[in-house]
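J.: I'd like to ask some things about the structure below.
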Amino acid sequence: MPRYIAVALTNPVEGKEAEFNHWYDTVAIPSYRKIPGLVPLGRFRHHSRGDDSDMPTYWKYASFYEIETDDFDGFVATVKKTLDNIPEYHLSEFLDRKSWFEPVYEALSGDAK
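Following UniProt numbering, the numbering of the sequence shown begins with 1 at its first residue and continues without gaps.
Here's what the structure looks like:
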């Protein structure tokens with residue numbers, strides 16, 4: 001079965017970092033755990049390396065999700081249907097939607113477990 005990694009690169013709205021993290025931890029991640037075929041792998045905050053090779057990043061936070069599906073379009077429909085049926089789920093007003101970026105990568109042959 002094909003495997004994918006989705007990377008949610010995000011920033012909070014200026015001055016609303018605590019609220020953003022509270023929403024992510026108490027609403028978003030618990031909701032995403034209910035989506036069949038999606039496994040949240042963790043959230044991370046950017047950490048500066050502090051050396052000459054350090055590069056600035058546009059995003060402060062990254063969340064990683066593993067996806068396993070034979071039908072990616074069907075999976076996307078399942079995500080929408082699942083989230084639509086979770087009354088407490090909503091996109092937070094503390095998420096800076098102008099900077100939100102969520103690329104998906106397909107595992108290469110031999111690189112997947």
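Even glycine gets a Cβ: it sits at the ideal position worked out from N, Cα and C.
Predicted, not measured: the structure shown is a model, and the values here were computed from it.
#1: Would you list the one or two residues that DSSP bridges to Ala31?
#2: What does the Cβ neighbour count give for Thr10, buried or exposed, with the cut at 16 atoms within 10 Å?
#3: List the endpoints of the continuous beta strand (DSSP E) containing Gly42.
#4: Along the chain, where does the alpha helix (DSSP H) that runs through Ala77 open and close?
#5: Determine the extent of the beta strand (DSSP E) in which Phe20 is found, giving its start and end residues.
#6: In chain order, what residues of the same chain have a beta carbon less than 8 Å from the beta carbon of Tyr32, not counting five sequence neighbours either side?
#7: Rounded to a whole number of angstroms, what is the C-alpha to C-alpha distance between Asp70 and Pro2?
T.: Quick look at the numbers:
#1: Position 31 of the sequence shown, counted from the start, is the residue given in the question as residue 31. Reading off the sequence shown, one finds Ser at residue 31, where the question assumed Ala. In the DSSP output, where bridge partners are listed per residue, Ser31 has none listed.
#2: The sequence position of residue 10 within the sequence shown is 10, counting from 1. Thr10 counts as buried, since no fewer than 16 other beta carbons sit within 10 angstroms of its beta carbon.
#3: Position 42 of the sequence shown, counted from the start, is the residue given in the question as residue 42. Gly42 -> beta strand (DSSP E) spans Leu38 to Arg45.
#4: Indexing the sequence shown from 1 puts residue 77 at position 77. Going by DSSP, Ala77 is part of the alpha helix (DSSP H) stretching over Phe72 to Asp84.
#5: On the sequence shown, residue 20 is found 20 positions in, with the first residue counted as 1. Residue range Glu17 to Trp23 is occupied by the alpha helix (DSSP H) that includes Phe20, with no beta strand (DSSP E) assigned at that position.
#6: Along the sequence shown, read from residue 1 onward, the residue named residue 32 stands at position 32. Hits under 8 Å: Leu38, Pro40 and Tyr65.
#7: Indexing the sequence shown from 1 puts residue 70 at position 70. Indexing the sequence shown from 1 puts residue 2 at position 2. Roughly 6 Å separates the two Cα atoms.
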